[in-house]
Structures are given as C-alpha cells and as structure tokens.
Amino acid sequence: MNLFLTLTGFLLAFLVNLFFPQVAEGVKLKSYTFGGIAVDDNLAYRLVLLALALYYGIYRLVLFVKKADQEKINKFGKGAKFRFAIGIALALWDLLGTKLLVLPQPFFPGPAVIMDAFLGDTAFIWKNTLYSLRLFVAGFSVGVVTGVLTGVLIGWYPKARYWILPVLNICGVIPAVAWMPFALTLFPTSFAAATFLIAICSWFPVATMTADGVQGTPKSLFELSRTFGAGQLYQIFHIAIPHAMPQIFTGIMTAAAFGFTTLVMAEMMGQPGGLGYYINTSKVWSAYYKVFAAIVVMAVLFSAILKVVGVVQRYVLRWQKGVVR
Amino acid sequence: MTDILDKEKILKIRDVNRSFIDERTGEPRQILKDINLSVFEGEFISILGASGCGKTTLLRLIAGLDPVQDGKIILDGEPVHGPDSKRGYVFQQGCLFPWLTVEDNIAMGLKIRGVYKQNKDKVHDFIEKIGLGGFEKNFPHQISGGMAQRVAIARALINDPEILLLDEPMGALDSFTRADIQNLLLELRKERNTTMILVTHDIDEALYLSDRIVIMTPRPGRISEVLEIHDEFPRERGSAQFLEKRRNILERFNLARSNTAPEYVI
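Here it is as structure tokens:
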C-alpha cells in the first residue's frame, strides 16, 4: 500500500510529462544522441522519474526479501505520503514550468529544461563537481584534523586553554569568507586560499566540541588508568579522545555544514572551477536552468558527504547507547 | 582460623593527616587526623563510617591517587608515591570505559603494562569466574550495574595487585546484587589470598566480609575503634552472633535504641 502510494506519485508525474501536450510556445527543448540513441530533455526527465520509482520499488523489495525488521518497514511507510506529494509537485512543476509556461521565465524553468543542463553540459558539470569535491575534502580534512588537535590541547593543558581559547572564541564567530581578501593574497593559488577558508570554518566547531569532550572526561577514568600505570600519552589517546568522540562528531557535522557554505561562497567569489563558479558563469548568461542543475548537484553531493560522515560516526560510536542494539 | 598477628604487615599507615582548602571560606579543613593502621597480608579490612568521615580520602591516599603530605604510608617496605599496579582500585560506580567491550575493559591493565599477549587466557578465565561468559563482546551500557561491578573487580584483580582497594563498590546496587558481589569477593579472596580494604557505610557488609572493621568518625576524620571479627567464613547473616555484633556497632554510631539511653539520632 505504501509502495503503491509512492509509485503512484512518480507514475503521475511520468504520465503528465508523456501525454500532456506542449501547449506553450518558446520552450527550447533539445535532443541529444548518446551512442546512436536519441534522448531529448523530456525523455531524460522521465528516465529520472523511472529511476526514482525503481529505487523505491527495489528498496521495498529488498526489505521484503531480507525480512527486515518491522522498524525499517514502518519507516519506509511513514515516508510514503511525502514521496507521493513529491510526485504531485513534480507533475505540477512540469505543467506550470514547461507545458503551460505559467512560471516567469527564465527564472523558473521546468524539470525537463533543467535536465537539458545535465544532457548538454555533462562534462562541464562533472568537472566542476569534482573540483568542488576536491576543494571540500582538502579544506574539511585539514580543518577537522587541526580542530581535533587544538581541542585536545585546550582540553588537556590549562595553559593552552588560557592562551588559545580566547583566540578560538574571537576567530570562531567571524564568518570564514571575511578572510577571503587576505587568503587570496597570502596563498600562492586560489585553491589553497579556499582550502584555508574551509579549513578555518570547520576548525572552529571541531576544536570547541573536542575541548568540551576532553574536559568532560570523568576524572575517575584517568585515575583508574593511572592505577594500571598509564602515562599521559595513553590518557590522552586512549581515554580523553575516545571519551570526546561523540562531541567530536557533533562538531564535525556542524563543520560540514559550515564548510558547504564557505565552499560555495569561495567558489562564487574567486575560483576557476566548482559548483559555485558554475552558478556564477551560468547566471551571467541568464542560464537559470543551469543554476538549478548546480543546486540539484549540490543537494545530492552534500547529502552524500553527510551520509558518509554519518556512516563513519555510527561505526566509531558503536559503543554508545542507542546506536547499537 | 590463624591469628592475624602471625602474618606479616603488608601496609603501614603512620600518623597520616590530610587537609583541604575549603573553596568557600578559603581556610584549610582537616579531613584526616592522626591515622595509624597496619594491615596484614591476606587480611580483609573494612573502613566503616558515615559519609564525610574521610574514609574515601584515606583509601585514595593508600592508592596513591592523592599525595601523602603529612605522615607515611608504606606498602611492602616502600613508601607510596603515586598510583601503580600493585594496588588495584575499584570505584563506587563501575567506572568502566564505555567505548571498550567487557573483554577489553578487563584486559586494559594488561595492555597498559604490555603483557596482554601472554595473558589472553587469563582474561578469559576471569570472565568465566565472574560469571560473564558470553558477554565478552558487550559494551558496558549493555550489561547491568552488578555485572559492571564484577567487571571492575576483575579488571583490578587481573593485574595481581598486592592490595585491592574497594571504594563502596556495592553502594549503588540493590541488596540482592550486593549479596552476590559480596560472595564473589569472599570467593576471590579465598582463592587468591589478596589483601582487601573496603570502604563502606553498610554495617552488614562490613560484618559479613571483614577480619577487622575500622570505625571512623567525622570532623575531623579519625579512627575511633578497630573491631576484630573472628567468626568463620562464610558467615550467616541471620545468626544471633551476627545480629549481636550488628547491634553492637549500631550502638557505637548511636543508632540503636539501648535500654539505658532511649535516644535515636539519625
């Protein structure tokens, strides 16, 4: 029943696109050939709908075959109405944005027109996506590593706390992009400059949360390890840091969100590539459908990154209550 | 039962005083005053007293967790300087490392001392002995409070300490679980002949387990009396002897209604 509701939504959108005539004029829908097969924008859009429907269908089937626990099945069921609504929304959008052209153009293109960006600009979008990914991974990992280091220093050594914490608190509230002019002059390449900006914006939340977690470690855990003869390094690496792990991951999640913002801002303001750059160049040509395409890619890319972080988090924190059963 | 005086003194506490600076008033406050005590090898001693009498402070000094500033604590002929694996310590509440499995918690001391590989079987034996077979891979939040205390005891004993220091390890448990762990302690003691010092405010517990009971009174904390209990182990909690001794101790704390002085102080 839930699966039926899910599929009905997408099917509706599919049928609207397939059978509703193109009433309005002036919509430029193109066709491309891939390996001898002609694919036009509408077909590409329908293929995406089909893929979504297939994804949910197969997911439900896997739940059924693997005899997944009721909790997962319930969770799938709960989302059914929402997915149905998405199907309806897509159908309406298709009608208003493409078929009837009611929405103001070129600002709000229909889904099929957005698909045109993916079909016609594939290589360029791909290149910019990879650029964004590279930049993010570089800045984010530097930020997280230095954040954990700073946090441990602050949390462990009172002197470091005295000298570093105020700096952290002052610098932490400054939006990273404010450093952009300096970053661009101080670093040899614009890539390095953006890496620096993403690094400092992720550094702050990770450092504060790590310091918090390290400081919050019950004294008795350290004392206990000392009765076994544990030294300072053991206490830092085997007690303070593991104890701080839940907080560290809270910090990392916040850092990721900050990082996405800084990434796109930095790219829009002075990078030779990336999704932010792609948005900027597209905007200049009033190619708003490409802007939307870039937004879709960001949604997918950033969700995927958060998902990866989430998987790592669940593995590292498998000892926590409620995470493992 | 052999007379404890025939055995060797393993721990000597001589003229120990301890004061802390009161954070509110800024003035020093004496916690321990003129503590003198000798502990014999293989002995089970309970330090009994109301909260605030300095019994935990004393135990921490013996463990080396706090520095001895005034007086001397000598273990096996050597003054205590900082904690080490000669003295096992069990905290009030489990105090297991939540990110380590039962097995890893028990093995922690061995790993720190770098002797884990040759002692893997020992870890397994201990897990069986404390009745946690099958729970090796469980994390602390997946076991009960009683199990956690068993793990904590095993974790301390696996290093073969000369003295096991127990800081109200059964304080947070229900009375049935408490009885279980008391029996486990007796069993382990009989088997290994480890000297044990238990801090408690539970008179029954002290009576059930100890060769000697050290009674402490607060403000400032000092030893008011040392009682020797010669009854055979295992002791019968309901026996007349036991109850008589219990009443005796209660009176010392002014908690029993005696015929002559019908006073009841909490």
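Top to bottom, those sequences are chains A and B. Residues in the first sequence are numbered consecutively from 1, following the numbering used here. Residues in the second sequence are numbered consecutively from 1001, following the numbering used here. Here a beta-carbon is modelled for each residue, glycine too, at the ideal position from N, C-alpha and C. Here the structure is a predicted model, which means the values were calculated and not measured.
Test: residue i CB closer than 8 angstroms to a CB of chain A
i        : result
S1038(B) : no
S1085(B) : yes
A1063(B) : yes
P1098(B) : yes
R1113(B) : yes
M1170(B) : no
N1119(B) : no
N1159(B) : yes
G1109(B) : yes
G1271(B) : Residue 1271(B) is absent from the model: chain B starts at 1001 and stops at 1266.
F1139(B) : yes
C1095(B) : yes
Y1116(B) : no
G957(B)  : Because chain B is modelled from 1001 through 1266, residue 957(B) falls outside the range shown and cannot be assessed.
CB contact flag (residue i, residue j, <8 angstroms)
i        : j        : result
R1222(B) : K1033(B) : yes
R1212(B) : E1228(B) : yes
L96(A)   : P111(A)  : no
T227(A)  : P1083(B) : yes
F140(A)  : I198(A)  : yes
L7(A)    : K81(A)   : no
G172(A)  : F204(A)  : yes
G274(A)  : S202(A)  : no
E267(A)  : G276(A)  : yes
T129(A)  : V297(A)  : yes
L63(A)   : F76(A)   : yes
A1154(B) : I1130(B) : yes
E1008(B) : E1043(B) : no
L168(A)  : T195(A)  : no
I1127(B) : E1162(B) : no
V1090(B) : V1016(B) : no
G1088(B) : N1159(B) : yes
Cross-strand partners of residue i (DSSP beta bridge)
i        : result
E1225(B) : I1215(B)
Q1030(B) : S1019(B)
G1088(B) : L1164(B)
L1188(B) : Partner(s): none; L1188(B) has no beta bridge.
I164(A)  : Answer by DSSP bridge pairing: none, since I164(A) is not bridged.
M1108(B) : According to DSSP, M1108(B) bridges with nothing at all.
A38(A)   : T33(A)
V1199(B) : I1047(B) and D1167(B)
R1014(B) : K1072(B)
S1038(B) : K1012(B)
E1078(B) : L1075(B)
Environment of residue i [buried if 16+ CB atoms lie within 10 Å]
i        : result
R46(A)   : buried
M1(A)    : exposed
D1070(B) : exposed
E71(A)   : exposed
D1167(B) : buried
F10(A)   : buried
L1164(B) : buried
H243(A)  : buried
I969(B)  : In the structure as shown, chain B starts at 1001 and stops at 1266, and residue 969(B) therefore has no counterpart that could be examined.
A1240(B) : exposed
A1063(B) : buried
N1193(B) : exposed
K1137(B) : exposed
D121(A)  : buried
Q247(A)  : buried
W1099(B) : buried
I125(A)  : buried
S1144(B) : exposed
Neighbourhood of residue i by C-beta distance below 7 angstroms, restricted to the same chain and skipping five residues each side
i       : result
L100(A) : V23 and A24
F222(A) : Q235 and I239
V16(A)  : A91, D94 and L95
Y288(A) : P106, F107 and P109
L103(A) : L96 and G97
Same chain, Cβ closer than 6 angstroms to residue i, five either side skipped, listed in chain order
i        : result
S1046(B) : L1198, T1200, A1206, S1210 and I1213
L1225(B) : Just to set this straight, residue 1225(B) is Glu in the shown sequence, not Leu. Only I1215 meet the Cβ criterion.
Min CB distance residue i to chain B below 8 angstroms
i       : result
G251(A) : no
K30(A)  : no
T328(A) : Past the boundaries of the shown model lies residue 328(A); chain A is included only from 1 to 325, so the question cannot be answered.
W156(A) : no
A230(A) : yes
T210(A) : no
Sequence-distant residues of the same chain with beta carbon closer than 8 angstroms to residue i, five excluded per side
i        : result
R1014(B) : N1036, G1071, K1072, I1073 and I1074
V291(A)  : I279, S282 and K283
Distance cut-off 7 angstroms: residue i Cβ against heavy atoms of the ligand GDP
i      : result
A53(A) : No copy of the ligand GDP occurs in the structure displayed, which carries no ligand at all.
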